[in-house]
Amino acid sequence: MASRILKHIKQLVNTREDTGPLYGGALSQLPRIDDAYLIIEDNEIAGYGKMSSLDKDHVQLPAAQEDCRGKLVLPCWCDSHTHLVFAGSRENEFVDRISGLSYAEIHARGGGILNTVRKVNETSEDELFQISWNRLQEVAALGTGAIEIKSGYGLTVDDELKMLRVIRKLAQRSSLSIRSTFLGAHTYPAAYRENHKAYIELIIRDMLPVIAKEKLADYIDVFCEKGFFSQQETETILRAGIGYGLKPKLHCNQLNSIGGIETGIKLDALSLDHLEAISEEDSRQLRNRNWKGLCTLLPTSAFFLGMPMPNARKLIDAGCAVALASDYNPGSSPSGNMNLVVSMGCLQMNLSPEEAVNAATINGAFAMGLGETCGSISIGKQANLIISLPIPSLAFMPYAFGANHIDKVMVRGEYLG
Ligand code: NIG
Ligand code: FE
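In our numbering, the protein residues as written are 1 to 417.
This is the structure:
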């Protein structure tokens, strides 16, 4: 049995045995142990505590011992909202936006998401797998140990299935925990611009049955937004997905408030994502504590599009369970760096470092249905660990933004690279 002990850890972060999503004020509670040890057996966390009680707690110690003096050990980031499978890049639109065009205007001209759709349509499944695999290695080296990935750049039956098969292959080949979301309703493909009904029918009649039969997705997502999918269209598509056993995770209130929150709560969405534009009625809906889902905020996406940040403080005051994710995609967040996401959660949304770390670990895990196995230092959870370089404190990580503070990343008990 492969086992190992990390000793003299300066601080072991997010140690908890009783795990569930953290709502409201509970987000600020981040349990930590100074001068700690951590035992890993096979791929799981088998024990932890204070160095001073190690001899009392454990008679026999693993032969593989590692000294972590000066270093912090955290659970890996749990990135619960990404579009990591895509082809090409869109820096031309980035330049257009710098010179004044908005994201919505670029979309209305037939650019935006549809530019990436054209690229994905032209790319073979093998090639798409290879570029996505490289991105996955890149984010894993930055500390991401669990990740959700969406389709939504195919928008034909074959190409949506191609994307979902790429996600499945990533999940089969990688040690990271990967969840898959069907986002066929990301935008209307050019051919259906004037015939929404026909595209929705294509999703319901031709895509969903195959996805369900081949078990290609865990969740269903819709981009509920002006110029994309209306509240009514969103509800129709989500209900069809639910009929096939896919729980909703929703893009809503990114640019406008058009009822996505109400629909998501009514259909018991696992998460409502973005939430930059929130009305009084939306706030009232979100205070409904019968809904147990998460509010996933994407600070790098709002930053990149020059949008006002979501009001994280208001959501926390309303008792919501806030999660942070990268939204890694070529149009609104061409970065999957969760360290930057955590920094921006603090600097741009006034989250404390404790809240931001909880939002990017335990709440992120629950926002993709992985809360039982990932997201905290808990006995029996996967040994997914960030071992920091020697740093003065946890707050130093988001504070000294843009630099790498990670020494090593372990996923399921094995160091990467
Ligand atoms: O979450 N808003 C919709 N989807 C992505 C952007 C996709 C794109 O522009 O390619 C998002 O921001
Ligand atoms: Fe997104």
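Using N, Cα and C, we set each Cβ at its ideal position, and we do this for glycine too.
On the three-state DSSP scale, how would you describe residue i?
{"i": "residue 316", "result": "helix"}
{"i": "residue 276", "result": "coil"}
{"i": "residue 208", "result": "helix"}
{"i": "residue 82", "result": "coil"}
{"i": "residue 288", "result": "coil"}
{"i": "residue 389", "result": "strand"}
{"i": "residue 282", "result": "helix"}
{"i": "residue 373", "result": "coil"}
{"i": "residue 382", "result": "strand"}
{"i": "residue 301", "result": "helix"}
{"i": "residue 329", "result": "strand"}
{"i": "residue 72", "result": "strand"}
{"i": "residue 255", "result": "coil"}
{"i": "residue 87", "result": "coil"}
Any heavy atom of the ligand NIG closer than 8 Å to the beta-carbon of residue i?
{"i": "residue 330", "result": "yes"}
{"i": "residue 273", "result": "yes"}
{"i": "residue 205", "result": "no"}
{"i": "residue 327", "result": "yes"}
{"i": "residue 254", "result": "yes"}
{"i": "residue 90", "result": "yes"}
{"i": "residue 116", "result": "yes"}
{"i": "residue 23", "result": "no"}
Confirm, please, whether the CB-CB distance from residue j to residue i is below 9 Å.
{"i": "residue 457", "j": "residue 26", "result": "Because residue 457 is not part of the residues shown, which for the chain are 1 to 417, the question remains open."}
{"i": "residue 191", "j": "residue 127", "result": "no"}
{"i": "residue 401", "j": "residue 21", "result": "no"}
{"i": "residue 319", "j": "residue 289", "result": "yes"}
{"i": "residue 275", "j": "residue 254", "result": "yes"}
{"i": "residue 355", "j": "residue 28", "result": "yes"}
{"i": "residue 93", "j": "residue 110", "result": "no"}
Taking the alpha carbon of residue i as the reference point, which residue from the options has its own alpha carbon closest?
{"i": "residue 154", "options": "185, 144, 234 and 180", "result": "185"}
{"i": "residue 119", "options": "378, 109, 152 and 106", "result": "152"}
{"i": "residue 271", "options": "396, 347, 359 and 300", "result": "359"}
{"i": "residue 24", "options": "172, 321, 379 and 375", "result": "321"}
{"i": "residue 60", "options": "122, 46, 130 and 170", "result": "46"}
{"i": "residue 200", "options": "179, 165, 180 and 157", "result": "157"}
{"i": "residue 412", "options": "113, 68 and 146", "result": "146"}
{"i": "residue 50", "options": "44, 34, 40 and 29", "result": "34"}
{"i": "residue 97", "options": "248, 10 and 331", "result": "331"}
{"i": "residue 9", "options": "416, 417, 398 and 394", "result": "394"}
{"i": "residue 150", "options": "138, 143, 137 and 171", "result": "171"}
{"i": "residue 125", "options": "234, 168, 403 and 260", "result": "168"}
{"i": "residue 179", "options": "236, 74, 299 and 83", "result": "83"}
Got a sec: does the ligand FE put a non-hydrogen atom nearer than 8 Å to the Cβ of residue i?
{"i": "residue 196", "result": "no"}
{"i": "residue 340", "result": "no"}
{"i": "residue 162", "result": "no"}
{"i": "residue 298", "result": "yes"}
{"i": "residue 107", "result": "no"}
* Just list the beta strand (DSSP E) runs in the segment 101-189, keeping only unbroken ones of 3 residues or longer that don't cross its boundaries, in chain order. => 144-150 and 177-185
Secondary structure, alpha helix (DSSP H): runs of 4+ residues fully inside the segment 4-59: 54-57
* To do: Give, in chain order, every unbroken run of the alpha helix (DSSP H) that is at least 4 residues long and sits entirely within the segment 333-360.
  => 338-349 and 353-360
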